[in-house]
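J.: Residue numbering for the sequence shown follows my numbering, beginning at 3 and increasing consecutively. Positions of the beta carbon are idealized from the N, C-alpha and C atoms, including for glycine. Quick caveat, the model's predicted, so the values are computed rather than measured. Before I ask anything, let me first share the structure, which is written out below as structure tokens.
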Amino acid sequence: MPVHNADIAAAFEEIADLLEIQGASPFRVRAYRNAARTVGASGHDIRSRLESGEALPKWPGIGADLAAKIHEFATTGKSELLASLRAQLPATVATLLKVPGLGPKRVKMLHEALHVDTLGQLSEAARDGRIRRLPGFGEKSERSIRDAAETAMSSTGRFKLSLAAQYVEALVVYLKKIPGAGQVVVAGSFRRMRETVGDLDVLVTAQDAGRVMAALGDYDEVAAVRSSGPTRSSVVLRNGMQIDLRVVAQDSYGAALHYFTGSKAHNIAVRRLAQARGLKVNEYGVFRGAERIAGATEASVYASVGLPFIPPELREDRGEIEAARAGRLPHLIERADLRGDLHAHTVASDGRNSLAEMAQAAWEAGLEYLAITEHSRRLTVAKGLDAAALGAHIERMDRLNEQLDGLTLLKGIEVDILEDGSLDLPDEVLGRLDLVVGAVHSQFSLSPERQTARILRAMNHPYFSILAHPSGRLLGEREAYEVDMPTIIREARRRGCFLELDAQPERLDLNDVYCQMAKAEGVLVSINSDAHSTLDFANLRYGVGQARRGWLEKGDVLNTRSLKALRPLLAATLG
Ligand code: DGT
Ligand code: CA
Ligand code: CA
């Protein structure tokens with residue numbers, strides 16, 4: 003049974019989780035997590051590579067033992083280690099680790115003392131007051147565990163866009179090979195680049211719909227067929243993701259693509275325009291009475307209601323129809339507009355690659371400058387730098403810059419914003435940097451007033467340049483901290499600093515709404531990879547997707563500037 007990179011990554015994540023619950027060495031756990039990330043982010047399809055007789059790529063941190071396990075899983079779809087770990091613990095136990103506040107030790111205790119193996123059992127145990135009686139837990143932690151368990155339960159069922167993308171790639175390749183299949187495109191929220199997707203809406207053009215649907219049923223990832231009609235079917239993949247397939251004739255392609263791209267609210271708004279012109283729009287075309295007047299392309303659908311083409315990322319009925327009518331649609335930013343990246347880590351803190359490797363990878367990603375922003379001392383889990391270590395790092399970067407051609411390293415820091423809003427490193431060393439990126443990494447549960455005051459105080463610091471991942475959320479794991487974002491955006495403008503849109507697929511904050519707000523206030527947004535390895539520059543495309551959903555144009559984004567134009571902008575905040 004063919005195996006995709008995402009399957010290997012998921013298996014290795016599970017191994018790491020189960021090892022962690024069993025109390026295995028942190029090094030061993032980390033090795034499996036790193037392998038999962040590396041495989042998941044790899045551009046090469048490992049199975050087909052091995053099948054064609056090539057060796058695995060040489061990845062940092064993956065030794066012979068891990069490589070053998072990757073090989074085993076890629077070629078057999080199984081892992082002996084995973085099977086034996088699974089036999090020792092219920093599979094759902096691993097999901098408890100995703101609950102904030104629950105580490106492996108606590109999960110083990112909940113499992114053994116209270117027989118809690120699922121999120122549902124966890125929230126029940128908390129509601130019954132059974133958790134507070136365990137050693138090391140109290141009433142307060144019981145309440146926050148209950149909240150977290152319930153948040154986690156309500157967010158399951160949606161998949162991160164980046165995870166969906168891994169499955170989409172393989173599926174599209176498969177469907178395109180079906181004889182008679184023409185266009186194959188994934189519509190729905192996936193095409194609109196929403197940060198999470200509920201299911202995948204796949205559109206295929208073909209004369210023979212039955213053949214396409216039968217082929218989907220035969221796809222090796224499919225676990226079950228939920229429903230099946232003459233031109234549509236619904237299947238569930240082994241990972242739980244649902245695929246809705248529609249097969250349409252070529253001359254309905256544009257109408258179907260428009261319909262299934264949505265959003266529903268956007269479709270309704272377009273249909274209303276059509277009605278006003280005496281037209282009817284559905285997934286087969288645009289009709290005046292019985293006559294079809296448009297529908298082969300999406301552009302023809304829009305033209306029939308007097309609109310220009312509207313990019314999918316804007317189709318949320320949040321003003322795009324009015325803007326299109328007035329000829330004022332934004333010219334959305336594209337990945338190629340990014341000239342630099344202002345947030346990245348190396349092995350000096352918690353990254354996985356050296357300065358030189360990160361510089362090379364950034365250059366290969368088409369960038370002209372890269373800011374290295376390690377963590378600061380407070381964040382000990384991420385090996386944060388103190389003033390002396392940062393000083394040494396600055397010198398290393400100066401030396402490397404002398405040798406680099408085509409890429410400039412900017413010297414920065416991702417400095418912790420402490421609870422009182424002061425910065426975690428002294429001014430002397432901050433003053434030697436090209437930019438200061440500040441972030442909240444602790445005390446997420448301050449009241450909104452105190453959290454906002456804390457951030458505003460940090461932004462007041464004369465060296466402060468960019469507020470990193472301004473909401474602190476981790477999709478499916480941690481809610482945003484409560485903060486008055488409109489005020490922060492307004493004050494950023496006044497203080498001459500910038501807000502980050504963090505392109506990591508589980509962050510992607512600023513979200514689309516706050517991007518629009520930043521744009522309206524005239525605050526430039528920095529789309530940063532927050533890379534912790536050379537592979538992470540690939541995530542920039544998700545940051546750009548979110549920015550497009552937030553209506554951002556090239557001019558609204560800080561790191562579309564040339565280095566020459568950027569320097570005075572950074573200097574202004576330092577002034
Ligand atoms: P998701 O899957 O929850 O992330 O979000 P979508 O937007 O992909 O929603 P989904 O999969 O339920 O439906 C795909 C598209 O099909 C949706 O964006 C618009 C269209 N659609 C679905 N149901 C309706 C409907 O009742 N009316 C109209 N006008 N369009 C619909
Ligand atoms: Ca969908
Ligand atoms: Ca759907």
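1) Relative to the C-alpha of residue 1, which residue among 434, 458 and 448 is closest?
2) Just tell me which of 41, 354 and 443 has its CA closest to the CA of residue 536.
3) For the putative contact between residue 42 and residue 185, defined by C-beta atoms under 8 Å, what is the C-beta separation to the nearest angstrom?
4) When DSSP labels each residue in this structure, what does residue 426 get in the three-state scheme?
5) Is there a C-beta anywhere in chain D that falls below 9 Å from the one on residue 473?
6) Specify the secondary structure class of residue 246 as computed by DSSP and reduced to three states.
7) What does the alpha-carbon distance come out to for the pair residue 15 and residue 21?
8) Hey, would you say the C-beta of residue 236 is under 8 Å away from at least one heavy atom of ligand 2?
9) Ligand 3: which residues have Cβ under 5 Å from any of its heavy atoms, chain order?
10) Extract the residue ranges of the alpha helix (DSSP H) inside the region 183-241, only unbroken runs of 4 or more that lie entirely within it.
11) Taking residue 188 and residue 174 to be in contact with their CB atoms under 8 Å, please state how far apart those CB atoms are, rounded to whole angstroms.
12) Grab the span of the beta strand (DSSP E) containing residue 97 for me, first residue to last.
13) Secondary structure at residue 565, three-state DSSP: helix, strand or coil?
14) Could you work out which residue in 271, 260 and 323 is closest to residue 297 when comparing CA atoms only?
15) Suppose you measure from the CA of residue 86 to the CA of residue 79; what does that come to, to the nearest Å?
16) Could you tell me which of 356, 469, 330 and 147 sits nearest to residue 125, measuring between CA atoms?
17) If you measure between the beta carbons of residue 318 and residue 268, is that distance less than 9 Å?
18) CA-CA distance, residue 577 and residue 469?
19) Using the Cβ count rule (16 or more neighbours within 10 Å means buried), how would you classify residue 1?
20) In whole angstroms, what separates the C-alpha of residue 543 from that of residue 510?
21) Does the structure place the region 442-450 close enough to the region 396-414 that three or more beta carbon pairs sit under 8 Å?
22) Is any non-hydrogen atom of ligand 1 found closer than 8 Å to the C-beta of residue 199, if you look at the structure I gave you?
23) Does DSSP put residue 162 in a helix, in a strand, or in coil?
24) Examine ligand 2 and report whether any of its heavy atoms sits within less than 8 Å of the Cβ of residue 159.
25) With a threshold of 16 other CB atoms inside 10 Å of the CB of residue 312, please say whether the residue is buried or exposed.
26) If you reduce the DSSP assignment to three classes, tell me which class residue 416 lands in.
27) Between residue 211 and the rest of its own chain, which residues show a CB-CB distance below 6 Å, the 5 nearest in sequence each way excluded?
28) For residue 529, which residues of its own chain have a beta-carbon under 7 Å away from its beta-carbon, when the five flanking residues on both sides are left out?
29) Answer yes or no: do residue 217 and residue 255 have a C-beta to C-beta separation smaller than 9 Å?
30) Between residue 518 and the rest of its own chain, which residues show a CB-CB distance below 6 Å, the 5 nearest in sequence each way excluded?
31) Which residue or residues does DSSP assign as beta-bridge partners of residue 501?
32) Less than 8 Å between the CB of residue 182 and some heavy atom of ligand 2, yes or no?
33) Does residue 5 pass the burial test, meaning 16 or more other C-beta atoms within 10 Å, or should it be called exposed?
34) Less than 7 Å between C-beta atoms, sequence neighbours within five positions excluded: which residues of the same chain meet that for residue 460?
35) Can you check the region 268-313 for any beta strand (DSSP E) of at least 3 residues that lies completely inside it and give the ranges in chain order?
36) Counting pairs of beta carbons, one from the region 354-365 and one from the region 380-387, are three or more of them closer than 8 Å?
T.: Here's the rundown:
1) The requested residue 1 is not part of the displayed model; the chain covers only 3 to 577.
2) 354
3) The Cβ separation is near 28 Å, so there is no contact.
4) coil
5) Among the protein chains of the structure shown there is no chain D, as only one such chain exists.
6) strand
7) 10 Å
8) no
9) 201, 203 and 246
10) As far as the region 183-241 is concerned, its whole alpha helix (DSSP H) runs of at least 4 residues are 190-193 and 211-220.
11) 7 Å
12) Taken as a continuous stretch (DSSP letters only), residue 97 belongs to no beta strand (DSSP E), being part of the alpha helix (DSSP H) at 95-98.
13) helix
14) 260
15) 15 Å
16) When each option's Cα is compared against that of residue 125, the closest is 147.
17) A contact, by the Cβ cut-off of 9 Å.
18) Any answer about residue 577 is weak, because its pLDDT of 47 lies below 50 and its placement is not dependable; what the coordinates show is given next. Roughly 17 Å between the two C-alpha positions.
19) This structure does not reach residue 1, given that the chain is present from 3 up to 577, and the question cannot be answered.
20) Computed Cα separation, rounded: 11 Å.
21) Pairwise C-beta distances place the region 396-414 out of contact with the region 442-450, as fewer than three of them are shorter than 8 Å.
22) yes
23) In the three-state scheme derived from DSSP, where H, G and I count as helix and E and B as strand, residue 162 is classed as strand.
24) Answer for residue 159: no, Cβ out of range of ligand 2.
25) Buried, since its Cβ has 16 or more Cβ neighbours within 10 Å.
26) Note: residue 416 maps to strand in three-state DSSP.
27) Close CB contacts of residue 211 within its chain, under the 6 Å cut and outside five residues either way in sequence, are with 233 and 249 (chain order).
28) Take residue 529, set aside five residues on each side of it, and the residues of its chain with a beta-carbon closer than 7 Å to its own are 340, 503, 505, 542, 545, 546, 549, 559 and 561, in chain order.
29) no
30) Result list for residue 518: 552 and 553, in chain order.
31) In the DSSP output, where bridge partners are listed per residue, residue 501 has 469 and 527.
32) no
33) buried
34) Closer than 7 Å at Cβ, skipping near neighbours: 419, 423, 425, 440 and 466.
35) With a minimum length of 3 residues, the continuous beta strand (DSSP E) runs that stay inside the region 268-313 are 282-284, 287-290 and 293-296.
36) In the pairwise beta carbon analysis, the region 354-365 is classified as not touching the region 380-387: fewer than three pairs are separated by under 8 Å.
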